[in-house]
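Visitor:
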Amino acid sequence: MAVALSTLVEEADRYLNSSKIADYCPNGLQVEGRPQVMRIVSGVTASQALLDAAVEAKADLVLVHHGYFWKGENPCITGMKQRRLKTLLKHDISLLSYHLPLDLHPDVGNNVQLARQLDITVEGPLDPDNLKIVGLVGSLSEPMSPRDFARRVQEVMGREPLLIEGSAMIRRVGWCTGGGQGYIDQAVLAGVDLYLSGEASEQTFHSARENDISFIAAGHHATERYGVQALGDYLARRFAVEHIFIDCPNPI
2 MAVALSTLVE EADRYLNSSK IADYCPNGLQ VEGRPQVMRI VSGVTASQAL
52 LDAAVEAKAD LVLVHHGYFW KGENPCITGM KQRRLKTLLK HDISLLSYHL
102 PLDLHPDVGN NVQLARQLDI TVEGPLDPDN LKIVGLVGSL SEPMSPRDFA
152 RRVQEVMGRE PLLIEGSAMI RRVGWCTGGG QGYIDQAVLA GVDLYLSGEA
202 SEQTFHSARE NDISFIAAGH HATERYGVQA LGDYLARRFA VEHIFIDCPN
252 PI
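All residue numbers in the sequence shown are consecutive under the numbering used here, ending with 253.
Encoded structure:
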């Protein structure tokens, strides 16, 4: 079956409440392709590798978390940007992208989906007084040592995480997928035993050490693979179309 592109985009915008969320890029339809959609290819980032794979898979629409047209970037359509857009336009493929709306969603969101992968029970926002901070806090069913929890992360992510080990057993966890390492200070105030994000900065080490909190950097790409898959599955069920997730490995 096929669905009108406009109908699919309208439902995705509604489901993610994207018009209400301020962001660093436009959310929704970024590149318009053919008017009917039968096959969705999803991935984390609209890289050339994903676009080439989507062409090979005969996709009508590419769904991603990291799209194009970020605030502050050079607007000229040259080099890498020209090649990416040319691929989409040449093959009449649409690009649908959701950044913060996909981080925040209570069902298909990156943070909620990662919690399900790691068997963390979600308790609430990382900072209830600042909902612009997209991280969450939650708890484990049984306390674990930092190294045991890091092994769980490695098994799920398929890659060895960076662990800064604190002294406490892990009962409460704070996390924010992707580049959320700067929220470690909010995690300390929230009283968690471990904070997890995709990336780490130089100062993250000192914050973890001096506050005696465990920290894990599990990979920006790796921690954000699950939301876009869940959204693609939702749209596929909603409109009886095909959805294929394509993972283009990224060690960052």
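For each residue, glycine too, the CB sits at the ideal point set by N, CA and C.
Specify, as a first and last residue, the run of the alpha helix (DSSP H) that Arg257 falls within.
Guide: One cannot answer for residue 257 here, as it falls past the ends of the chain, which runs 2 to 253.
Visitor: With distances taken Cα to Cα, identify the nearest neighbour of Asp14 among Val242, Asp248, Leu236.
Guide: If we check each option's Cα against that of Asp14, Leu236 comes out closest.
Visitor: Given that a residue counts as buried once 16 or more other Cβ atoms are within 10 Å of its Cβ, and exposed if not, what is Arg85?
Guide: The residue in question, Arg85, is buried, as its Cβ has 16 or more Cβ neighbours within 10 Å.
Visitor: What residue range is occupied by the uninterrupted beta strand (DSSP E) comprising Phe216?
Guide: Looking at the DSSP string, the run of the beta strand (DSSP E) that includes Phe216 is 215-218.
Visitor: Candidates Ala209, His207, Gly180: which alpha carbon is nearest Glu200's?
Guide: The option with the nearest alpha carbon to Glu200 is Gly180.
Visitor: Which of the three DSSP states, helix, strand or coil, is assigned to Ser202?
Guide: DSSP places Ser202 in coil when its eight states are reduced to three.
Visitor: Using a Cβ distance threshold of 8 Å, determine whether the segment 39-53 contacts the segment 229-249, with at least three qualifying pairs required.
Guide: Contact holds: three or more Cβ-Cβ distances are below 8 Å.
Visitor: Taking Leu30 as part of the beta strand (DSSP E), name the residues at either end of that continuous run.
Guide: Residues 29-32.
Visitor: Extract the residue ranges of the alpha helix (DSSP H) inside the segment 128-197, only unbroken runs of 4 or more that lie entirely within it.
Guide: Listed in chain order, the complete alpha helix (DSSP H) runs (minimum 4 residues) inside the segment 128-197 are 147-158, 185-191.
Visitor: For Ser198, which option in Asn111, Pro129, Glu124 has the closest C-alpha, if you only look at C-alpha atoms?
Guide: Answer by Cα proximity: Asn111.
Visitor: Taking a contact to mean a Cβ-Cβ separation below 8 Å, would you say Ala218 touches Gln187 in this structure?
Guide: Contact: no.
Visitor: May I ask which residues mark the beginning and end of the beta strand (DSSP E) holding His67?
Guide: It spans 62-67 - the beta strand (DSSP E) in which His67 sits, taken as one unbroken run.
Visitor: Please return the same chain residues whose Cβ sits closer than 8 Å to the Cβ of Arg35, not counting the five positions on each side in sequence.
Guide: So the list reads Leu6, Asp61, Asp93, Ile94, Ser95, once near-sequence residues are dropped.
Visitor: Report yes or no: do three or more beta-carbon pairs, one from the segment 15-24 and one from the segment 101-120, lie closer than 8 Å?
Guide: The segment 15-24, when compared against the segment 101-120, does touch it at the 8 Å Cβ threshold.
Visitor: For a test of the three-state rule: what should DSSP assign to Pro126, helix, strand or coil?
Guide: Residue state, collapsed to three classes: strand.
Visitor: By how many angstroms is the C-alpha of Leu9 removed from the C-alpha of Met2?
Guide: If you take the alpha carbons of Met2 and Leu9, they lie about 13 Å apart.
Visitor: For the alpha helix (DSSP H) that contains Phe240, what are its first and last residues?
Guide: Looking at the DSSP string, the run of the alpha helix (DSSP H) that includes Phe240 is 227-240.
Visitor: Does Glu243 come out as helix, strand or coil in the three-state DSSP assignment?
Guide: Of the three classes helix, strand and coil, the one that applies to Glu243 here is strand, per DSSP.
Visitor: For the beta strand (DSSP E) containing Gly44, list its first residue and its last residue.
Guide: Here the beta strand (DSSP E) through Gly44 covers 40-46.
Visitor: Give me the residue from Gly80, Ala47, Cys77 with the minimum Cα distance to Tyr69.
Guide: When only C-alpha atoms are compared, the closest one is Ala47.
Visitor: Near Arg160, which residues of its chain fall below 7 Å by C-beta distance, leaving aside the five closest residues on each side in sequence?
Guide: Excluding residues within five positions, the ones whose Cβ falls inside 7 Å are Gly220, Ala223.
Visitor: What's the gap between the Cα of Val63 and the Cα of Val157?
Guide: Cα-Cα distance, rounded: 25 Å.
Visitor: Nearest to Val174 by CA position, among Val135, Val193, Leu163, is which residue?
Guide: Cα-wise, what sits closest to Val174 is Val193.
Visitor: In the DSSP assignment, what residue or residues form a beta bridge with Leu97?
Guide: Paired residue(s): Leu30, Leu64.
Visitor: Is it right to say Asn131 is buried, meaning 16 or more other beta carbons lie within 10 angstroms of its own, or is it exposed?
Guide: Exposed is the call here.
Visitor: For Pro129, count the other beta carbons within 10 Å of its own beta carbon; 16 or more makes it buried, fewer makes it exposed. Which is it?
Guide: Exposed is the call here.
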